[in-house]
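Enquirer: The structure under discussion is supplied below as structure tokens; questions concerning it will follow.
In the numbering used here, the protein residues as written are 21 to 566.
Quick look at the structure:
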């Protein structure tokens, strides 16, 4: 790899050249980097945090959608498709389970320590986040990939025809960096709107904003209504134990559901009733439906779920505790950058996308992919995007005059259109966006009037962001995060207004049923002036574009 400066630990600005630049260090980024390297590309991976510990997977115990080859494979996918509200594409689903299974076998081959079942066979359907991501870091370094930890990307570079790299800041050395590359993979994760949930601190929609500035389109941005129950005051968005909960009012009386029975099971069909009760008054829970043997199983299988209770000094199986809903934005929502090709290319030449940075409508439709489907999607899309980017780089091997022709694309939060306002802070911008996109009464239960009011509020906020928000030095990435969160909020609201029906995570009080006329994706594009259009329905009989 050629480099303007080969000393990664120096004090001056860092300039590197690569065939493929991967932005993001979660599982999809690691798989993308490995796929590109296996295809002969020189790869740089830049992560906002530390590859191996940053992102939503690292602190989690996650299953995968593990489907072995066999006669029932198509039936398994068909059953899952039936739960996607008609917006998923079975072709992508089949490709994903096949690719993810092959890569899980790669992990076996590479020596990942999967547990054994009673019959001695390896159980490859589950990944322990900390072990998995530490293993992937070692594998990435073993492949000779240059890893830039604590190097948030601020913007993409373009020569006017293709994306040609990215630039950002080194948080630890307080310096600028730039990587010129023949292709870029965005594996920057989704946007949790700075909600306090596990692993989501850095998930601020940066990739969405960078892609949109380059001309890419987003899809599924209306599906941000995924909320997970959590102990009040904690960041724990792991809802499984609430399957065995009963819900209570502050005075200890049971909440009665619409059938006249005690309200139970917080991850089932009764979730809406819990949300309505929570809008009216604080809600409390007790995991009193779990038998002793199940209690032991939960503690052993989901140990991090019980850390907040230990800190509070309570036994959740015996004591009442207050609960809240944590909004998960597009992390467990569906929206992201639209896929234009089967190798996860975008509408912009040279720009590829993987994991939660991509729209997962093809996989999950209007429903959440949860942990399992999203985990397999990260593996498969990472692999495809890395291969696609490396093939693009090979086709453009002669294009080497990066620096003389490339231009930075970043605007909002970096290059204000007007004069900077010292009183306009990133923290204030984020708080203003959260007030419109997180409350249950605005985002879980939607209606056109509230959506329109929120859209107008964020349009006004965006004018301030675009004209007056900027950071100094290494803190420029904070302003850029705030701009990305504001942009994501606007795309979400515009898409939600356009989908005049209820479908999956998109629940509207003024359009309470699904409308067959809306069985298609809603596309949004543009940064200052947002354009909304309906995509054609998926044609299941046609081959995927390549």
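Every residue gets a Cβ at the ideal spot worked out from N, C-alpha and C, and that includes glycine.
1) My output table needs one value for residue 363: the three-state DSSP class, helix, strand or coil.
2) Over what stretch of residues does the beta strand (DSSP E) that includes residue 553 continue unbroken?
3) Please specify which runs of the alpha helix (DSSP H), each continuous and at least 4 residues long, are wholly inside the region 504 to 541, giving them in chain order.
4) From 517, 252 and 395, pick the residue whose C-alpha is nearest to that of residue 331; which is it?
5) Can residue 213 and residue 349 be called in contact, C-beta distance under 9 angstroms?
6) What is the rounded straight-line gap between the Cα of residue 143 and the Cα of residue 483?
7) In the DSSP assignment, find the alpha helix (DSSP H) that holds residue 4 and state where it starts and stops.
8) Identify the residues that DSSP records as bridge partners of residue 274: which are they?
9) Which two residues bound the contiguous alpha helix (DSSP H) that contains residue 247?
10) What number of angstroms, rounded off, separates the C-alpha of residue 72 from the C-alpha of residue 124?
11) In angstroms, rounded to a whole number, what distance separates the CA positions of residue 563 and residue 363?
12) Under a Cβ-count criterion, where at least 16 other Cβ atoms within 10 Å of its own Cβ denotes burial, should residue 26 be classed as buried or exposed?
13) From what residue to what residue does the alpha helix (DSSP H) around residue 128 run?
14) Could you compute how far the alpha carbon of residue 52 sits from the alpha carbon of residue 396?
15) Using a Cβ-Cβ cutoff of less than 7 angstroms, which residues in the same chain neighbour residue 428 once the five nearest sequence positions on both sides are dropped?
16) Spell out a yes or no on whether the region 94 to 107 and the region 504 to 519 are touching, meaning 3 or more CB-CB pairs, one atom from each, closer than 8 angstroms.
17) From the DSSP output, which residues share a beta bridge with residue 453?
18) Helix, strand or coil: which one does DSSP assign to residue 436?
19) Need the endpoints of the beta strand (DSSP E) that residue 175 sits in, please.
20) Measure the C-alpha to C-alpha separation of residue 432 and residue 486 and round it to an integer number of angstroms.
21) Return the CA-CA distance between residue 236 and residue 343, expressed in angstroms with no decimal places.
22) Taking one C-beta from the region 521 to 538 and one from the region 241 to 257 each time, how about it: are there three or more such pairs within less than 8 angstroms?
23) Applying the 10 Å Cβ sphere with the 16-neighbour rule, what's the burial state of residue 122?
24) Output the boundary residues of the alpha helix (DSSP H) element that contains residue 190.
25) Are the CB atoms of residue 275 and residue 291 within a distance shorter than 9 angstroms?
26) Secondary structure at residue 82, three-state DSSP: helix, strand or coil?
27) So, does the region 399 to 406 touch the region 105 to 121, judging by three or more C-beta pairs under 8 angstroms?
28) Can you say whether residue 489 is buried or exposed, counting buried as having 16 or more other CB atoms within 10 angstroms of its CB?
29) Taking residue 42 as the reference, which of 33, 34, 54 and 35 has the closest Cα?
30) To the nearest angstrom, how far is it from the Cα of residue 453 to the Cα of residue 221?
31) Quick check: the Cα distance between residue 171 and residue 512, rounded to an integer number of angstroms?
32) Do you know how far the Cα of residue 273 is from the Cα of residue 403?
33) Taking the alpha-carbon positions, what's the residue 553 to residue 63 distance?
34) In whole angstroms, what separates the C-alpha of residue 36 from that of residue 434?
35) By the 10 Å Cβ neighbour count, where 16 or more other Cβ atoms means buried, how is residue 130 classified, buried or exposed?
36) Going by C-alpha to C-alpha distance, which of 557, 196 and 425 sits closest to residue 33?
Expert: So, from the listed chains and residues:
1) coil
2) 551 to 554
3) The region 504 to 541 contains no complete alpha helix (DSSP H) run of 4 or more residues.
4) Ranked by Cα distance from residue 331, the first of 517, 252 and 395 is 252.
5) yes
6) Computed Cα separation, rounded: 52 angstroms.
7) For the chain, the structure presents residues 21 to 566; residue 4 sits outside this window and is missing.
8) 268
9) Here residue 247 belongs to no alpha helix (DSSP H); instead the beta strand (DSSP E) covers 247 to 251.
10) 18 angstroms
11) Reliability fails at residue 563, whose pLDDT of 47 lies under 50, so the model's placement of it is uncertain and the value that follows must be treated cautiously. Distance between the alpha carbons of residue 563 and residue 363 is about 13 angstroms.
12) In this prediction, residue 26 has a pLDDT of 48, which is less than 50 and means its spatial position is unreliable; what the coordinates show is noted afterwards. So residue 26 counts as exposed.
13) 110 to 130
14) 13 angstroms
15) Only 175, 177 and 187 meet the Cβ criterion.
16) no
17) Residue 453 is not bridged to any residue.
18) DSSP places residue 436 in coil when its eight states are reduced to three.
19) 173 to 178
20) 5 angstroms
21) 39 angstroms
22) yes
23) exposed
24) No alpha helix (DSSP H) contains residue 190, which is instead part of the beta strand (DSSP E) from 183 to 190.
25) With respect to the 9 angstroms criterion, residue 291 and residue 275 are not classified as neighbours on the basis of their beta carbons.
26) strand
27) yes
28) buried
29) 54
30) 16 angstroms
31) 28 angstroms
32) 51 angstroms
33) 36 angstroms
34) Going from the Cα of residue 36 to the Cα of residue 434 covers about 22 angstroms.
35) exposed
36) 196
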